[in-house]
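Chemist: Sharing a structure here in structure tokens format.
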Amino acid sequence: MLLSTALFLVAAQAAAAESTATVAAAAAEPEAKVLDAVVVSGTQPGPGLWRVSRDGREFWILGTLAPLPRRMQWAAEEVEATIARAGEVVLPPNAQLDWKGGALRGVFLIPAALGARNNPDDQTLAEVLPAADYARWTPLKTRYIGRSRAVEKRRPLFAAWKLYEEALDSVGLSVRVPVAKVVRRAAKRHDVPLTQPEVRIVLDKPGATLKDFARSPLDDLECFRRTLSHVESDLGTLQVRANAWATGDLELLRSVPFTDATRACLDAVFEAGFAERSGMDNLEEQLRAQWLQAVEAALARHPTSFGMLPISLLLREDGWLADLRERGYAVETPWEREARELGAEDEPLLEIDAEPSPSGD
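Note that the numbering used here has the sequence shown beginning at 2, numbered continuously upward.
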């Protein structure tokens with residue numbers, strides 16, 4: 002999911018994709034062999050672009066992914082050239098939380114702002130988790146995080162995110178590869194305006210709301226379990242997917258089976274009672290609608306425009322591109338475009354006789 006924008010698993014991945022942090026140096030390898038693949042490094046082309054079009058106008062979309070190889074340098078020539086001729090760049094949708102005396106951009110930073118990172122009543126993970134889940138957590142925490150006591154006070158989804166990030170670091174992956182930063186810089190170089198689709202949430206009584214959220218239980222056990230499963234079993238898969246994005250191998254990326262923790266982690270926050278009372282329970286639908294509106298507006302204003310979304314939303318049959326198809330736009334995937342262009346190259350040239358035919362035709 003886009004709600005792909007960092008304080009629980011998938012939310013953190015998306016937010017980190019926007020990060021301007023410098024990519025860190027490689028960490029030491031883990032004691033046991035976790036991966037069979039080798040993370041790519043150096044200059045890589047990245048994936049091709051999706052194309053949405055109608056009536057001679059086109060909107061190009063980059064599918065983003067996290068994590069990616071930490072040592073990768075992205076050769077973004079196609080993206081740069083597309084942005085250079087675009088009239089507008091539409092960023093992934095975001096949310097802004099407003100209250101008296103302050104505002105916070107980034108829907109997935111909301112839990113931190115509301116003081117929800119730690120368990121209520123100073124409880125520890127050992128106290129809030131079932132014994133079997135805590136037994137799974139302990140050796141993984143020791144291996145990837147170390148002897149930290151602070152993480153033991155975190156709510157399960159935040160503790161799981163910390164574990165996940167450290168595990169990725171140990172195998173040469175990172176959620177902090179700044180793809181979005183490259184796009185923003187290209188737009189600035191070519192003087193192309195940025196459009197930020199946004200949902201604004203206004204808290205009338207921020208003090209009471211902050212306390213409400215901090216006290217609210219989160220049903221994040223399934224998120225916690227799935228994240229632990231990623232760390233136990235899926236680091237190799239994540240590495241293959243990261244390599245596939247980096248090298249532009251979308252066929253491989255589509256073929257690698259992977260069930261992430263997105264839905265469980267999103268539900269943990271947005272199905273909480275607090276979310277409904279604060280107008281956040283349908284936030285995903287609001288963000289989707291804001292993005293669609295921004296894309297259609299860009300198509301109406303410019304012959305060419307550009308945007309980006311998490312690649313999972315582009316690959317799904319019921320993803321956000323389905324809305325555009327239903328409204329009569331043509332959607333062409335990178336592999337369809339490649340096949341079309343290769344087909345055009347392979348078409349034989351018409352042979353023209355140098356001598357006129359006997360009939361004079």
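Note that CB positions come from ideal geometry on N, CA and C, so glycine has one too.
Nearest CA to the CA of Glu59: which residue from Gly308, Glu318, Glu327?
Modeler: Gly308
Chemist: Would you be able to state if there are at least three C-beta pairs under 8 Å between the segment 137-146 and the segment 236-250?
Modeler: no
Chemist: Tell me, please, which residues DSSP counts as bridged to Pro131.
Modeler: DSSP, once it has assigned bridges, lists no residue as partnering Pro131.
Chemist: When DSSP labels each residue in this structure, what does Ile312 get in the three-state scheme?
Modeler: helix
Chemist: Can you tell me where the beta strand (DSSP E) with Ala151 in it begins and where it stops?
Modeler: No beta strand (DSSP E) contains Ala151, which DSSP labels as neither H nor E.
Chemist: Using the three-state DSSP reduction, which class does Pro70 fall into: helix, strand or coil?
Modeler: It is a strand residue.
Chemist: Tell me the residue span of the beta strand (DSSP E) that contains Trp162.
Modeler: Here Trp162 belongs to no beta strand (DSSP E); instead the alpha helix (DSSP H) covers 157-171.
Chemist: Could you pull out every residue in the same chain whose Cβ sits closer than 7 Å to the Cβ of Leu229, ignoring the five residues on either side in sequence?
Modeler: Only residues of its own chain outside the window of five on either side were considered, and among them Arg137, Trp138, Leu141, Ala161 have a CB closer than 7 Å to the CB of Leu229, listed in chain order.
Chemist: Taking a contact to mean a Cβ-Cβ separation below 8 Å, would you say Arg336 touches Glu252 in this structure?
Modeler: Looking at the sequence itself, residue 336 is Trp, so the reference to Arg does not match. Taking 8 Å as the Cβ cut-off, Trp336 and Glu252 qualify as a contacting pair.
Chemist: Quick check: what's the CA-CA separation for Ser234 versus Leu222?
Modeler: 18 Å
Chemist: For a quick check, are the C-beta atoms of His191 and Ile62 less than 8 Å apart?
Modeler: no
Chemist: Go to Ile84, then tell me how far its alpha helix (DSSP H) extends in each direction, as first and last residue.
Modeler: 78-85
Chemist: Among residues of its own chain, excluding the 5 on either side of Ala25, which ones have a beta-carbon nearer than 8 Å to its beta-carbon?
Modeler: Only weak support exists for where Ala25 lies, its pLDDT of 27 falling under 50; the value from the coordinates is given anyway. Counting only Cβ-Cβ distances below 8 Å, and skipping sequence neighbours, we find Arg71, Asp170, Ser175, Arg177.
Chemist: In angstroms, rounded to a whole number, what distance separates the CA positions of Arg242 and Gly57?
Modeler: Approximately 34 Å, taken between the alpha carbons.
Chemist: Among Ala82, Cys266, Ser313, whose alpha-carbon lies nearest the alpha-carbon of Ala67?
Modeler: Measuring from the Cα of Ala67, the nearest candidate turns out to be Ser313.
Chemist: For Ala187, which residues of its own chain have a beta-carbon under 6 Å away from its beta-carbon, when the five flanking residues on both sides are left out?
Modeler: Glu81, Ile84
Chemist: Check this for me: beta carbons of Pro48 and Leu310, under 8 Å apart or not?
Modeler: no
Chemist: Does Val176 come out as helix, strand or coil in the three-state DSSP assignment?
Modeler: coil
Chemist: Using 8 Å as the threshold, is the C-beta distance between Val129 and Ser306 below it?
Modeler: no
Chemist: For Ala331 and Asp123, I'd like the C-alpha separation in whole angstroms.
Modeler: 53 Å
Chemist: Got a sec, what are the start and stop residues for the beta strand (DSSP E) Thr228 sits in?
Modeler: Per DSSP, Thr228 lies in no beta strand (DSSP E) segment; the continuous alpha helix (DSSP H) that holds it begins and ends at 222-230.
Chemist: Excluding the 5 residues flanking His303 on each side, which residues of the same chain have their C-beta closer than 8 Å to its C-beta?
Modeler: Arg58, Ala87, Gly88, Glu89
Chemist: To which residues does DSSP link Ala96 through a beta bridge?
Modeler: Beta-bridge pairing links Ala96 to Val200.
Chemist: If you run the structure through DSSP and keep just helix, strand and coil, what is Leu50?
Modeler: coil
Chemist: Please determine, among Leu315, Gln74, Glu286, Tyr135, the residue with the shortest C-alpha to C-alpha distance to Gln45.
Modeler: Gln74
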